[in-house]
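There are 4 protein chains.
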Amino acid sequence: MKKTIAILTGGGDCPGLNAVIRAVVRTAVNCHGWRVLGIEDGFEGLLDKVRWRELGLDSVRGILPRGGTILGTSNRGNPFSYPQIVNGVPELHDVSDKVLDAFKELGAEVLIAVGGDGTLKIAQGLYEKGLPVVGIPKTIDNDLRATDVTFGYRTAVATVTEALDRLHSTAESHHRVMIVEVMGRDAGWIALESGIAGSADAILIPEIPYRVDRLCEAIENRRRRGSRFSIVVVAEGATAYAGKKVVQQTAAENLGVERLGGVGHEVARQLDGCLDMEIRVVILGHLQRGGSPEPFDRILASRFGVKAVELIARKSFGRMVALRGRQVIDVEIAKAVSQLNLVDPGGELVGTAESLGIMVGR
Amino acid sequence: MKKTIAILTGGGDCPGLNAVIRAVVRTAVNCHGWRVLGIEDGFEGLLDKVRWRELGLDSVRGILPRGGTILGTSNRGNPFSYPQIVNGVPELHDVSDKVLDAFKELGAEVLIAVGGDGTLKIAQGLYEKGLPVVGIPKTIDNDLRATDVTFGYRTAVATVTEALDRLHSTAESHHRVMIVEVMGRDAGWIALESGIAGSADAILIPEIPYRVDRLCEAIENRRRRGSRFSIVVVAEGATAYAGKKVVQQTAAENLGVERLGGVGHEVARQLDGCLDMEIRVVILGHLQRGGSPEPFDRILASRFGVKAVELIARKSFGRMVALRGRQVIDVEIAKAVSQLNLVDPGGELVGTAESLGIMVGR
Amino acid sequence: MKKTIAILTGGGDCPGLNAVIRAVVRTAVNCHGWRVLGIEDGFEGLLDKVRWRELGLDSVRGILPRGGTILGTSNRGNPFSYPQIVNGVPELHDVSDKVLDAFKELGAEVLIAVGGDGTLKIAQGLYEKGLPVVGIPKTIDNDLRATDVTFGYRTAVATVTEALDRLHSTAESHHRVMIVEVMGRDAGWIALESGIAGSADAILIPEIPYRVDRLCEAIENRRRRGSRFSIVVVAEGATAYAGKKVVQQTAAENLGVERLGGVGHEVARQLDGCLDMEIRVVILGHLQRGGSPEPFDRILASRFGVKAVELIARKSFGRMVALRGRQVIDVEIAKAVSQLNLVDPGGELVGTAESLGIMVGR
Amino acid sequence: MKKTIAILTGGGDCPGLNAVIRAVVRTAVNCHGWRVLGIEDGFEGLLDKVRWRELGLDSVRGILPRGGTILGTSNRGNPFSYPQIVNGVPELHDVSDKVLDAFKELGAEVLIAVGGDGTLKIAQGLYEKGLPVVGIPKTIDNDLRATDVTFGYRTAVATVTEALDRLHSTAESHHRVMIVEVMGRDAGWIALESGIAGSADAILIPEIPYRVDRLCEAIENRRRRGSRFSIVVVAEGATAYAGKKVVQQTAAENLGVERLGGVGHEVARQLDGCLDMEIRVVILGHLQRGGSPEPFDRILASRFGVKAVELIARKSFGRMVALRGRQVIDVEIAKAVSQLNLVDPGGELVGTAESLGIMVGR
């Protein structure tokens, strides 16, 4: 009987997931003659009623340039802590044995888990319970230390840069301060790189708390020198100096609607207190996850997919693929998760931004 | 002495304004040997301290593909109702004579006013006071009846369509309802055309009040048929049925920040009451005004600019250029302004959308 | 039994074909409950071995933004003049009865033929033999007089304009003459509109023979005024003045390879004789047919598809859909084919180009 | 008196050159208070009649997203081997002393030379004659070993990938073999990376000679498996196996026109001998140099510009900036030039392509 491997995608979607799936299927089928099962909607698809389909070469035709994931994804469905109603009361249960059973039933021998921190931790948990697992990291924020860069990230930077290019002309025509809120809860990579590429005037990131008075001053200085508009890029996790953590998304979350007034609007309110200029806020939100992956992301995702199959062929389980320099390597999942890759406030990239005249927090 | 004409751009910016300016300068200078003055920041540039610069062929080099307006624009500065502080009290005064004086001082004989309803009304007022004026219509919403279509509109539709393409993959991967708020206070053209082009599942426009229960039903029906996501495009002016006008932008406007919770979030709240699905809101906002004009807009704007100079050469003043069928014609400004071009609820375009299975309001 | 209709796409592919197919399927299935068969590879799919598949709602999911045609297309397979080997000798035979038989076998009652001149003439021939037929025009060159504009055309203009935007920076940096060959054998619409939108310095189209000496002069004049580069857009059908028809594609066609030295290279040779500047040629070729349709094309194609189904419902056969002003109408196929829509050398669009300082032939 | 530095761009243009210039000007002016002179048209601008202009902050406003170089560039003007007419006979002379004189006259103390191999060798020559020089590498082909990657390269890959995406739909609709010729005389990086990203079926690069029979076989195999089209990406420097070097650009070069029949057409002829399919050739040519730099290139170019100014501040001359891992470092120009960065035929990237089912030469 043919060897059978399964693949699932978990967490927020990200450009490049389909490229991973395609690379896994092509390599497994063409080079090894294996069978590939696609689990639907992340770990959720392995619980309750198992949802899956076989992935042949035809199933992955034409998906390389497409965003999203043909398998669907979910943030729910942690089998080690799964919500169940017991006597009318919702409780969290460990149902990981059901996952192992589901695997047996499917006849699948190995799981490739593509996802972020949450997904990889679950994968590690299953590995510790005996399931042969290979991990592929996915974080659009590029905040995982174990890999130099993750797929999806560059596409997000390209999307934000394009938006900044667009907003420049309108900000300039109206002499406005344009505040652009972008992704990045813990790490400011998207804000920093797209801010440099999109010619921002100030960049606010979680790693470097900003001071409202200095931000106002910087914008005023620009105006005095004849630049009557300014563009401020703000990562969602940016905070003002002095421990004054910006409060985000309250009412919004209660009704399943994101961000009625996130950090972008908070910064607008702060600037409105010290500037006599029109201020506008643009929240890029889900636009940053969508779209066709740019070439680098398609290639990196393909390399990760090929490497994951190679690890299975070598029976190297409990490991995660990663990019180190120009090489795709593999590391222990256990060591890789939860180690954040943050912007170095004293590093060259922040220095480059500052040399270009961009205020980066502080 | 050389004949001297002046040009200004007023109201919200719009892709194609630079193409107009370039066409006016190239035609006036090359074909007629005139001098062109660019008034800065709309009518504001003619008041207080007159701001202008001469526009030679070099000043318009390379601006065709750029969004915004090199002259700047402003929503303020109506010379017939200009805010002035008298004895510490702000009052609105008619300072239109100052504009006529400014013109004399500049040595300019004719004004080309590029703008929307507000700008064109001011232009008409000045024309009635004796200033030779030619108007060029600009409305990104395409809501002016006197012309078949306006430049900037198609670029906005392209921007929204591209955003919808992007959002499809992420909506699909997560089985979400994605609500996309787009421009259109009075007319739903942008929502309707980009909704058809971007494969929306429902389109809410000002011309056709929507019923929340039917919208929920439509989304539920999709889910039952296996499409576990839906994309709803909402024009800012869309209203729910039964006279229940959606309240927009209140607190937001007070602090110069736009839309803390506009119609997009209102629709999200309504759907949250009847659907058990994740709902996300994306507000495209200023992204729709920015960016390089698409080819049709570049061409239409160029044709408008050339035609405006031709009207001046023929001494046809008080007139506005317009597109009728395939021809650029001219109409009386007086008759053209304020006549809205609305979507016909029983027209072919709405019918096409419905045949495609898109719910359009109702 | 369900009413069954068939659809095929013939001739060169064109952005928007999938939008037509999708609109036909959605309208036929959702609004009328009909069955739709997709014939593969144009009329070729109806001959020899009939190739077709049923098109349900699922078959057209996600195809709206995609270029090409999911049905395939072909320039071969004219059933009124079909190549057959008789006694070892290739002959052209009328096999149109086989098409009618194939239709009976399929149980299809009506044919929607989407294509250009060639395809529509065949459709008309079949209609005259009794097959109920509806035509949808397709010509990327926009050269059909019966309709104001055809889908695919604007996408081609957008592709060429984007290429011109790109080439500007490199032409400018190197002080080169850049010759860009674009589609347009009989009509120069693509060259003219993209030339205006992409800021060409000269546009050569079939409708207006050009004079080499004047073209050289125009480029020299630009250089004298300080613009050390020029961009010349050339339609494939452009010809030099004095009946000296530029000879195209000879050796190339013999080996199934297009254009080893088409009109672009011919113009380069001519300019090389009178200019002392570097000259480069770019042939856009098949790039112009590809890519995602821009919004207008998606909408027009969708409207055409919806209208075609409506004609069938009304039993109006032998007719072709068309755009007239803002309305989608229908005309007799017999009268519509072969009437060319050419650029008017004395018209407003050429005049606009000239006012902008662009040399258009002559 | 202010310290004065000069900058020039030499060789073929490349997306990111303007970002370099902007970063140099902003850093030199803002951080150090220096004066920056821009030499026009590469080393040519330093000879004969010295052409330059001062670059202030205003001169570099808005240039970050633009392709090309505002300074112009040239492949001519090697001062160590400069063509001069002596007694009616053209001779090559060493006029490098004139460059040093020009420098003195300008009052410039340091030269930043941005360019490829040729430009950097000249820079090194001038450095050896005593001119303080800093180099910034530029090669769109990414074929320089001293730096991990060069700016412009990723934009070229993005342009080619986008073209491949476009061509897919048309190749597929017509069942054609589409041959796409891309840049890469010595190194196949562009072909390889864009081929992987754009889902090519075969990639021909200089590093791995291809065998015509195997290429035909691969395409035939695809057809047998139901994929009736194939896309072949060919680098200009690709050669067929058996020392049979493909002859390129002969007649073309004589008349200053590029490539009447380059390697793309050669491959077409070869395939035409063994395949019974329609074959089409697309030569991307100068499109690959143009266009707005993608974000990574904007950032890398900015980092290089900032670093170059830093080297001057530290008086580290005769050195070139480079990327090594995540760091911008500096290396000796003398050691850096002429060391080619080639694709490793046995490396992971080629292996990835092959695992995906792409034939890479051989």
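Protein chains in written order, with our numbering: chain A, 1 to 362; chain B, 1001 to 1362; chain C, 2001 to 2362; chain D, 3001 to 3362. Think of the CB as a built atom: it goes at the ideal place given N, C-alpha and C, for glycine as much as any other residue.
Suppose contacts are defined by Cβ-Cβ distances below 8 Å. Is residue i in contact with residue j by that definition?
{"i": "THR3170 of chain D", "j": "GLY2290 of chain C", "result": "yes"}
{"i": "ALA3023 of chain D", "j": "LEU3111 of chain D", "result": "no"}
{"i": "ALA3187 of chain D", "j": "LEU3287 of chain D", "result": "no"}
{"i": "VAL2267 of chain C", "j": "LEU2349 of chain C", "result": "no"}
{"i": "LYS2138 of chain C", "j": "THR2150 of chain C", "result": "yes"}
{"i": "LEU1311 of chain B", "j": "ILE1231 of chain B", "result": "no"}
{"i": "THR2073 of chain C", "j": "GLY2042 of chain C", "result": "yes"}
{"i": "GLY3067 of chain D", "j": "ARG2224 of chain C", "result": "no"}
{"i": "VAL1367 of chain B", "j": "ASP1330 of chain B", "result": "An answer regarding residue 1367 of chain B cannot be provided, because it is not within the stretch 1001 to 1362 covered by chain B."}
{"i": "PRO2995 of chain D", "j": "GLY3184 of chain D", "result": "The displayed coordinates of chain D run from 3001 to 3362. Any statement about residue 2995 of chain D would go beyond what the structure contains."}
{"i": "VAL3212 of chain D", "j": "VAL3234 of chain D", "result": "no"}
{"i": "ILE1358 of chain B", "j": "ALA1240 of chain B", "result": "no"}
{"i": "LYS1002 of chain B", "j": "ARG1053 of chain B", "result": "no"}
{"i": "VAL3160 of chain D", "j": "ILE3190 of chain D", "result": "yes"}
{"i": "PRO1295 of chain B", "j": "GLU2354 of chain C", "result": "no"}
{"i": "PRO2065 of chain C", "j": "SER2292 of chain C", "result": "yes"}
Rounded to whole angstroms, what is the Cα-Cα separation between residue i and residue j?
{"i": "VAL2020 of chain C", "j": "ILE1196 of chain B", "result": "13 Å"}
{"i": "GLY361 of chain A", "j": "VAL1281 of chain B", "result": "28 Å"}
{"i": "SER199 of chain A", "j": "ARG176 of chain A", "result": "15 Å"}
{"i": "LEU1008 of chain B", "j": "ARG154 of chain A", "result": "40 Å"}
{"i": "LEU17 of chain A", "j": "VAL3182 of chain D", "result": "28 Å"}
{"i": "GLY3012 of chain D", "j": "GLU3236 of chain D", "result": "16 Å"}
{"i": "PRO3015 of chain D", "j": "VAL3157 of chain D", "result": "11 Å"}
{"i": "ARG3214 of chain D", "j": "GLY318 of chain A", "result": "39 Å"}
{"i": "LEU1057 of chain B", "j": "LEU2120 of chain C", "result": "48 Å"}
Counting C-beta neighbours from all protein chains within 10 Å, is the total for residue i 16 or more, i.e. buried, or is it exposed?
{"i": "LYS2315 of chain C", "result": "exposed"}
{"i": "GLN3084 of chain D", "result": "exposed"}
{"i": "HIS1093 of chain B", "result": "exposed"}
{"i": "GLU2172 of chain C", "result": "buried"}
{"i": "ASN3142 of chain D", "result": "buried"}
{"i": "LEU340 of chain A", "result": "exposed"}
{"i": "GLY45 of chain A", "result": "buried"}
{"i": "VAL1086 of chain B", "result": "exposed"}
{"i": "VAL1134 of chain B", "result": "buried"}
{"i": "PRO2090 of chain C", "result": "exposed"}
Which residues in the same chain as residue i place their Cβ atom closer than 7 Å to its Cβ, once the five residues preceding and following it in sequence are excluded?
{"i": "CYS1216 of chain B", "result": "LEU1271, CYS1274, LEU1275"}
{"i": "TYR3082 of chain D", "result": "LEU3047, LEU3092, HIS3093, VAL3095"}
{"i": "GLY2243 of chain C", "result": "In this prediction, GLY2243 of chain C has a pLDDT of 48, which is less than 50 and means its spatial position is unreliable; what the coordinates show is noted afterwards. Closer than 7 Å at Cβ, skipping near neighbours: no residue."}
{"i": "GLY77 of chain A", "result": "GLY42, PHE43, GLU44, LEU47"}
For residue i, collect the residues of the same chain with a Cβ closer than 6 Å to its Cβ; drop the 5 residues on either side in sequence, then sort them by chain order.
{"i": "GLY2107 of chain C", "result": "THR2004"}
{"i": "PRO1345 of chain B", "result": "GLU1207, ILE1208"}
{"i": "LEU55 of chain A", "result": "VAL25, VAL36, GLY38"}
{"i": "VAL114 of chain A", "result": "THR9, VAL20, ILE136, LYS138"}
Looking at the C-beta of residue i, does it have a partner C-beta in chain F at a distance below 8 Å?
{"i": "LEU3167 of chain D", "result": "Structure shown: chain F not included; protein chains present are A, B, C and D."}
Secondary structure, beta strand (DSSP E): runs of 3+ residues fully inside the region 3037-3112 of chain D: Fully enclosed beta strand (DSSP E) runs of 3 or longer: 3052-3054, 3082-3086, 3089-3093.
Segments assigned beta strand (DSSP E), at least 3 residues, entirely inside the region 3210-3246 of chain D: Runs of the beta strand (DSSP E) inside the region 3210-3246 of chain D: 3230-3235.
Ordered list of beta strand (DSSP E) runs contained in the region 119-151 of chain A, each at least 3 residues: The region 119-151 of chain A contains these whole beta strand (DSSP E) runs: 133-137.
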